[in-house]
Amino acid sequence: MVFPGRFSTGCLRCRQRKVKCDEARPSCRRCCIYGKPCPGYTDQFQFRHRGSQPSASSTGATPSVRAGATAGKKQGQANNKAPDVRRSSPHQSPPMVVKIEQGWQGEYQQEYQQQQQQQQQQQQQQQPEQAVQQLLPWNQAVVRAPDPSYDDVSLFYFVRRFVSPNPADGFPGHLSFLPSLYDARSRGLLEAATLSVAQMAAYNKFGGDRFQMQSYRNYGRAIRMLQDMIRSEKSATDDKVITSVLLLCTLKDISGEGLGDPGEHAPGLYYLIEKRGPEQIATSRGAELLFLALIRLQVYSFLHDDDTYVDPGSIATAWGAFDPLLRALSMMSRTLSLRNKLLGSLSSSSSSSSSSSYLDPLEQQQQASVLQSCFETLDDFHQWDAEAATYWQNTFEGRAMPTALGEVASPPLGVAQHYDVETACTIILIRSERLILLMSMIAFHYYQELGLTTGQHDNDQDHNTTVMEGPLAECVPVLEQHVGMAIDDILASVPYALGDVGPGGVPASLAHDGAAAIVIVQSIRLVASCALASAGQLQRATEVLARLNGGIGIRAAAGLREDDAVVGGSRWVREQKFLRERIARVEGGEAAAGMAGVMTTTTPTTATTIPTASTPPVAGVGMSPNPNWSPNSSPSLAGDVFAPPYVG
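Written out as structure tokens, the structure is:
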């Protein structure tokens with residue numbers, strides 16, 4: 001047996017290529033330049049034998065290497081074997097037995113042992129994150145580290161992108177408490193719900209049917225456990241239970257099933273909030289859970305025209321006087337209730353033109369009362385903008401303050417503003433509430449106008465004229481102007497909510513942009529379906545939805561379309577269709593009247609124009625649309641006096 005010379009400590013590929021290895025750890029640069037993965041380094045060396053081939057055998061878990069007969073020995077002569085030389089690895093790898101010849105032992109054993117000691121010291125000095133090379137025979141492949149599991153990949157991606165960091169000032173985020181509740185060693189309800197939504201998010205990002213299959217499997221397991229836990233009085237108030245329901249609602253947004261409609265989860269969510277009571281807002285986690293749950297219930301109420309679950313236990317209404325955040329949710333609850341009362345008795349399609357427009361005095365009185373409440377709620381929105389700025393300044397240090405309507409898209413001259421993610425999301429939500437109320441009042445007006453057109457065939461035009469000459473007709477241009485301002489503010493806040501703009505207006509990126517996207521997706525869908533949105537606003541809203549869908553993986557960002565199975569029959573979609581048809585009909589009538597005036601060279605008859613969001617401003621916030629208007633200048637729907645809009 002002949003020792004080839006100096007021991008080579010290079011990687012396997014460099015030794016095979018017979019090039020000098022730079023011995024970089026964990027992989028050498030020569031292999032990278034060569035374009036092949038570095039197989040790593042081994043702890044043993046080989047011997048070249050004369051007259052015989054090396055053979056390797058392994059018994060049990062301890063590999064052994066048997067050397068052939070030495071040169072100069074006669075064939076058939078018994079081989080004298082030396083005792084086994086064993087060595088152990090500090091990393092608990094299997095011990096290795098090297099069987100050597102007695103003739104070689106005295107000459108090379110000491111150098112061999114020194115070589116092994118040096119290699120062991122090098123391994124102990126390596127960083128913990130580096131791969132530790134195991135003591136393997138040279139006839140076995142280097143073992144790669146195992147790939148992370150599907151659960152680990154999906155959890156890491158979901159938490160990093162769809163869970164907001166835990167803020168130090170207690171501002172509600174999106175599931176910021178989830179890492180502290182999740183227990184990887186447990187297989188409970190929260191863990192099943194988290195894995196379900198995380199695997200669906202990973203499926204949208206990376207593909208792979210296994211992610212989707214595992215998501216549905218965990219969803220079914222979570223539903224079964226949730227049903228059992230809700231029956232228990234003790235476990236129903238646990239934070240993990242309501243968090244699991246919110247996660248299952250988030251799964252609807254990410255998967256696109258029902259286009260984010262909470263659907264079957266709304267009754268259970270309402271029951272859990274009411275069961276937990278007002279004391280749940282005493283902790284930051286409980287307040288965030290309540291905040292997210294109320295948003296989900298209000299989405300359900302809007303899509304289904306059902307305000308049954310809008311404010312469980314009147315918690316938001318009772319505590320809204322002390323907390324502007326809860327007051328904003330309380331105003332949303334009031335908006336949805338007023339919307340249902342205002343439009344509940346009216347036809348919601350253009351086919352209602354065949355119905356009679358007569359109302360008895362009691363119905364007129366009820367409509368007048370609801371309209372009065374709508375104007376008061378608009379005043380509350382205006383007042384909230386002013387009070388929230390002071391509350392933000394005193395409570396949330398370092399955060400930008402909410403501004404008045406129109407000042408997000410068009411800030412005052414000389415004011416450089418930047419909104420943090422949470423404040424931008426709050427502005428989007430509060431502007432969405434105002435947009436729903438404004439559009440409901442405008443739709444009510446044009447439904448009434450349609451009734452007037454039908455009633456002109458009757459003999460009682462004075463009754464219908466009374467309906468049209470009320471204060472609401474004079475306020476419609478201002479309401480439509482504020483619709484455009486609300487939409488502008490929503491779209492202007494999106495870059496701040498998604499982290500595209502940093503302090504000073506510099507471009508930035510946000511790792512957890514999915515957390516904000518989950519909160520604002522329904523608001524952007526609202527804008528994209530609004531009949532009074534301008535062409536530019538619709539284009540911007542469509543681009544944002546495309547990003548939420550394709551870039552972030554929220555499949556519910558598909559817009560509110562008439563062909564949607566879930567929202568196609570909703571009152572909002574029918575209203576927008578009616579308003580578009582009404583606008584097209586009025587604009588067509590104006591065009592025809594204009595052409596007739598040109599042909600006859602006479603003054604054309606002026607037709608009533610429905611202003612769009614691009615109508616020039618006619619009045620500012622806090623002003624009556626007509627400076628000469630007085631409460632007694634025209635009768636209202638019920639003959640009572642209306643206060644001018646936006647007067648505090």
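The sequence shown lines up with residues 1 to 648 when you count with our numbering.
For every residue, glycine included, the Cβ atom is placed at its ideal position computed from N, Cα and C.
Quick one: what's got a C-beta closer than 6 Å to residue i's C-beta in the same chain, skipping five residues either side?
i    : result
Y419 : A400, Y496
A193 : A222, S244, L247, L248
V494 : V544
A557 : V521, L545, L548, N549
Rounded to the nearest angstrom, how far is the Cβ of residue i from that of residue j, given a contact under 8 Å?
i    : j    : result
I295 : R555 : Not confirmed; about 19 Å, so no contact.
G553 : N218 : Their Cβ separation, rounded to whole angstroms, is 18 Å, which puts G553 and N218 out of contact at 8 Å.
C38  : R13  : 6 Å
F444 : L526 : Not really, about 18 Å apart at Cβ, beyond 8 Å.
V159 : L178 : 7 Å
R582 : Y446 : 6 Å
I230 : G268 : 6 Å
M332 : Q298 : 5 Å
Q576 : S529 : 6 Å
V476 : I436 : Contact doesn't hold; Cβ gap of about 16 Å is too wide.
G313 : I273 : 7 Å
A486 : L438 : 7 Å
Helix, strand or coil for residue i? Go by DSSP, reduced to three states.
i    : result
P262 : coil
P507 : strand
V310 : coil
V415 : coil
V197 : helix
V501 : strand
V370 : helix
L175 : coil
S529 : coil
K278 : Note on identity: in this sequence residue 278 is Pro, with Lys being the wrong assignment. P278: helix per DSSP, three-state reduction.
P167 : coil
P267 : helix
G588 : helix
S244 : helix
K234 : coil
A192 : helix
V476 : helix
I518 : helix
E23  : coil
S180 : helix
S357 : With a pLDDT of only 47 at S357, under 50, the local geometry of the prediction cannot be trusted, and no value is derived from it.
V408 : coil
F444 : helix
D305 : coil
M439 : helix
I524 : helix
Sorted by chain position, which residues of the same chain lie with C-beta nearer than 8 Å to residue i's C-beta, five sequence neighbours on each side aside?
i    : result
S523 : I428, L429, R431, S432, I490
Within its chain, find whatever has a CB closer than 7 Å to the CB of residue i; leave out the 5 residues flanking it on each side and keep chain order.
i    : result
E23  : T9, G10
R210 : Y150
S440 : R339, L342, L343
L251 : S196, V197, M200, Y219
Using the C-alpha atoms, what's the distance from residue j back to residue i?
i    : j    : result
R327 : T308 : 19 Å
E387 : F381 : 10 Å
R161 : A511 : 6 Å
H174 : R580 : 36 Å
M96  : Q116 : Any answer about M96 is weak, because its pLDDT of 42 lies below 50 and its placement is not dependable; what the coordinates show is given next. One C-alpha to the other measures close to 12 Å.
Q119 : Y34  : 26 Å
W384 : F156 : 38 Å
L292 : D360 : 42 Å
R334 : R185 : 44 Å
P167 : R285 : 11 Å
P503 : Q417 : 9 Å
F171 : Q364 : 44 Å
G588 : F578 : 15 Å
T423 : E397 : 12 Å
R540 : P411 : 19 Å
May I ask which residues mark the beginning and end of the alpha helix (DSSP H) holding residue i?
i    : result
R17  : 12 to 17
D152 : 150 to 162
L218 : In the sequence under discussion, the amino acid at residue 218 is Asn, which differs from the Leu named in the question. Unbroken alpha helix (DSSP H) run through N218: 209 to 230.
P324 : 324 to 343
T317 : 315 to 319
T283 : Segment: none, T283 is in no alpha helix (DSSP H) and carries neither H nor E.
E543 : 535 to 546
R29  : 29 to 34
Would residue i pass as an interface residue toward chain B - the criterion being a Cβ-Cβ separation below 9 Å?
i    : result
L290 : This model lacks chain B altogether, as it is built from one protein chain only.
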